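*Asks:* First the structure, then my questions, so here it is.
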Amino acid sequence: MQRTCLGVLLLLILVFVMPAFPQNGNGAPNGAHYNLNIIGVEDPKNDPMTGSDRHTIFVALGKKDSAVTSNIYLTPGDFQVCDGNAFDAAYDCTGNQIQGQGAVFQLPCNTNIPADITCAAGTTSASYQVWGRALGQPGGSVTITTCATDPTTNEVVCSAESTLNVFTRKNGKQTFTNVTNELTSIVVSFDGGLTYQRVALFSGGLQDFFWQYANKGLRLLQLRFYLL
Numbered sequence: 006m007q008r009t010c011l012g013v014l015l016l017l018i019l020v021f022v023m024p025a026f027p028q029n030g031n032g033a034p035n036g037a038h039y040n041l042n043i044i045g046v047e048d049p050k051n052d053p054m055t056g057s058d059r060h061t062i063f064v065a066l067g068k069k070d071s072a073v074t075s076n077i078y079l080t081p082g083d084f085q086v087c088d089g090n091a092f093d094a095a096y097d098c099t100g101n102q103i104q105g106q107g108a109v110f111q112l113p114c115n116t117n118i119p120a121d122i123t124c125a126a127g128t129t130s131a132s133y134q135v136w137g138r139a140l141g142q143p144g145g146s147v148t149i150t151t152c153a154t155d156p157t158t159n160e161v162v163c164s165a166e167s168t169l170n171v172f173t174r175k176n177g178k179q180t181f182t183n184v185t186n187e188l189t190s191i192v193v194s195f196d197g198g199l200t201y202q203r204v205a206l207f208s209g210g211l212q213d214f215f216w217q218y219a220n221k222g223l224r225l226l227q228l229r230f231y232l233l
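In our numbering, each residue's number is its place in the sequence shown (first place is 1) plus 5.
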């Protein structure tokens, strides 16, 4: 009898510590979320695609055996597409040009990552998860790597981890994968490769954060951002 009571108690504890968002049939959590669609196209877009409430970003399509890279620059703030066109000058959500070419997506610094260097003081931050899946015609794929500029050397540094082998459009039903760490932090070395640290977006003394979007023919990537 005592063992039965202990077993029931353990079951209740496990139920109450389960994640707040149970998964549904497509692998993603249930619940409210911000949806972002990244669309690969053959021909460059000409419209500025700024100053709206759009949830889409257009990037170069590439081919299944030859990647084409587009940059999606990241700025701190509430979730919002500032500039949905990766083919022309990049403008932030206040209308300022920040790069010669690229799209711009605004998102908070994420406190829900195991960072060695956490969100910088004064930066808009939130606790959230990021889930993504590859859609469109089968065969395409994309690798996203979070990068930034080291202001001491003016060199671009990219994360030691990426979404390699995560976003490939296969036949059949496509399910979501948790890519929170890969898209909201950067794993870098500040001592010449002796040690590596995970740095939250907009932190670590780095600047000009962006997603390096290496597309091999993927026409649609769907990302979802869930506040915790």
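Positions of the beta carbon are idealized from the N, C-alpha and C atoms, including for glycine. Bear in mind that the values here come from a model prediction, so they are computed numbers and not experimental data.
Which runs of the beta strand (DSSP E) spanning at least 3 residues fall entirely within the segment 97 to 182, listed in chain order?
*Replies:* 102 to 104, 108 to 112, 133 to 140, 146 to 155, 160 to 163
*Asks:* For Val64 versus Ala94, is the C-beta spacing smaller than 8 Å?
*Replies:* no
*Asks:* Buried or exposed for Asp88, please, with buried defined as at least 16 other CB atoms from any protein chain shown within 10 angstroms of its CB.
*Replies:* buried
*Asks:* So for Met6, helix, strand or coil by DSSP?
*Replies:* In this prediction, Met6 has a pLDDT of 41, which is less than 50 and means its spatial position is unreliable; what the coordinates show is noted afterwards. It is coil, neither helix nor strand.
*Asks:* Does the pairing of the segment 125 to 134 with the segment 223 to 231 give three or more beta-carbon distances under 8 Å?
*Replies:* yes
*Asks:* Given a cut-off of 8 Å on the beta-carbon distance, is the pair Ala91 and Ile77 in contact?
*Replies:* Taking 8 Å as the cut-off, the beta carbon of Ala91 is found closer than this to the beta carbon of Ile77.
*Asks:* By how many angstroms is the C-alpha of Thr157 removed from the C-alpha of Gln179?
*Replies:* Straight-line Cα distance between these residues: approximately 42 Å.
*Asks:* Classify Thr200 as helix, strand or coil using the three-state DSSP reduction.
*Replies:* coil
*Asks:* From which residue to which residue does the alpha helix (DSSP H) around Leu233 run?
*Replies:* Unbroken run through Leu233: none, as it is neither H nor E.
*Asks:* Ignore the nearest five residues each way along the sequence and tell me which others in Thr74's own chain have a CB closer than 7 Å to its CB.
*Replies:* Gln217, Tyr218, Ala219
*Asks:* Would the segment 38 to 52 and the segment 167 to 185 be scored as touching if the rule is three or more Cβ pairs under 8 Å?
*Replies:* Under the Cβ criterion (8 Å, minimum of three pairs), the segment 38 to 52 does not count as touching the segment 167 to 185.
*Asks:* Report the residue ranges of all beta strand (DSSP E) runs contained in full by the segment 36 to 85; include only those spanning at least 3 residues, in chain order.
*Replies:* Listed in chain order, the beta strand (DSSP E) runs fully inside the segment 36 to 85 are 39 to 46, 61 to 65, 73 to 81, counting runs of at least 3 residues.
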